[in-house]
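First residue of the sequence shown: 1, per UniProt numbering; consecutive thereafter. Quick reminder that beta carbons are idealized off the backbone N, C-alpha and C, glycines included. Here's the structure, in structure tokens; my notes come after.
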Amino acid sequence: MLQMLAKRGATPPFPSPSVQVPEVRQAPLAGPLLAPRTVIFLEGLARAPQYRVIDGCVATVQTLSDGRRQIIDLVGPGRLIGLGFGDQNRYSAETLGFTRLEAMSESLAEGERDLALSEMLARSQSLVMLLGRKTAPERVASALIDLALQFGRPARHGKRGAVTFHLYPTRGDLADWLGLTLETVSRCISRLKKAGLIDIRHGDLVTVLEPQQLSGIAAGERSLSH
Numbered sequence: 001m002l003q004m005l006a007k008r009g010a011t012p013p014f015p016s017p018s019v020q021v022p023e024v025r026q027a028p029l030a031g032p033l034l035a036p037r038t039v040i041f042l043e044g045l046a047r048a049p050q051y052r053v054i055d056g057c058v059a060t061v062q063t064l065s066d067g068r069r070q071i072i073d074l075v076g077p078g079r080l081i082g083l084g085f086g087d088q089n090r091y092s093a094e095t096l097g098f099t100r101l102e103a104m105s106e107s108l109a110e111g112e113r114d115l116a117l118s119e120m121l122a123r124s125q126s127l128v129m130l131l132g133r134k135t136a137p138e139r140v141a142s143a144l145i146d147l148a149l150q151f152g153r154p155a156r157h158g159k160r161g162a163v164t165f166h167l168y169p170t171r172g173d174l175a176d177w178l179g180l181t182l183e184t185v186s187r188c189i190s191r192l193k194k195a196g197l198i199d200i201r202h203g204d205l206v207t208v209l210e211p212q213q214l215s216g217i218a219a220g221e222r223s224l225s226h
């Protein structure tokens, strides 16, 4: 249904999340509903358990000693957090909206671990390309496509193929993810809206009106006119 967001023949801005629907089996019940900005675990501390995101959004973050931070990934429903190697957390994790997690036992997560680690590596490599080579409009377009793939549903209004999603990250969060300033992120979003590629209502309800054109900008095949 959301495949229209990945332009044919083009490399997706981020690898599409490999979300698996769990089989019917004995599994831990989902935990309590966590409020936005709840810290799940901290970078540098002893390795936390692995969790699956049931609903909501989690940011994985690395922070410098002076407080500057880099969001490594935004994780949506069906995906795992807490993956890694060694005895310490390589990143922190915090909720960006009301979120529910499922604690994973080692045996339960074993079958998904390799796939999730491969996905994490591929998305990290895509982030390196984004930060190193993409322009500001290309970065913002890439982020919106990725979020639409993770959180989107068919739009009730607008053109056929339009996708609507709740924008969990703030403009500041997007800046920390995409290596841009808050002002640049806001300016790019305004330009995309003015160009008729997206619509934003109530501050955080985004509709991708022109998925193919937005994909073209993300891939560097189409420019965003001023």
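Residue i versus residue j - alpha carbon distance
| i | j | result |
| --- | --- | --- |
| I200 | V53 | 25 Å |
| E43 | A35 | 20 Å |
| K159 | G152 | 15 Å |
| L174 | S105 | 32 Å |
| V206 | V128 | 26 Å |
| I40 | A46 | 13 Å |
| residue 292 | L224 | Look at the range of the chain in this structure, 1 to 226, and you will see that residue 292 is not part of it. |
| I217 | T95 | 29 Å |
| R191 | E221 | 17 Å |
| R100 | Q150 | 16 Å |
| S142 | A219 | 8 Å |
| G76 | R133 | 26 Å |
| V208 | P154 | 10 Å |
Integer-rounded CB distance, given that residue j should sit under 8 Å from residue i
| i | j | result |
| --- | --- | --- |
| I103 | V58 | Looking at the sequence shown, residue 103 is not Ile but Ala. Their Cβ separation, rounded to whole angstroms, is 14 Å, which puts A103 and V58 out of contact at 8 Å. |
| L180 | R139 | 6 Å |
| L214 | L144 | 6 Å |
| G31 | G97 | At roughly 15 Å, the Cβ-Cβ gap does not stay under 8 Å, so G31 and G97 are not in contact. |
Close-in-space but distant-in-sequence residues of the same chain around residue i (CB under 7 Å, 5 per side omitted)
| i | result |
| --- | --- |
| D204 | H166, L167 |
| Y91 | E43, T60, V61, Q62, I72 |
| G172 | L182 |
| L131 | G179 |
| N89 | F41, L42, E43, G44, L45, R47, A48 |
Buried or exposed (CB count within 10 angstroms, at least 16 for buried), residue i
| i | result |
| --- | --- |
| F85 | exposed |
| V163 | buried |
| D176 | buried |
| P137 | buried |
| R123 | buried |
| K194 | exposed |
| P169 | buried |
| D146 | buried |
8 Å CB neighbourhood of residue i in its chain, flanking five on each side removed
| i | result |
| --- | --- |
| L83 | Q50, R113, A116, L117, M120 |
| D87 | A46, R47 |
Neighbourhood of residue i by C-beta distance below 6 Å, restricted to the same chain and skipping five residues each side
| i | result |
| --- | --- |
| C188 | A136, P137, V140 |
| E210 | L197 |
| E23 | In this prediction, E23 scores a pLDDT of 36, lower than 50, which makes its location untrustworthy; the coordinate-derived value is nonetheless stated afterwards. Cβ within range, chain order: n/a, list empty. |
| H157 | none |
| L33 | F98, R100 |
| Q70 | Q62 |
Between the region 63-81 and the region 182-199, do at least 3 Cβ pairs fall closer than 8 Å?
no
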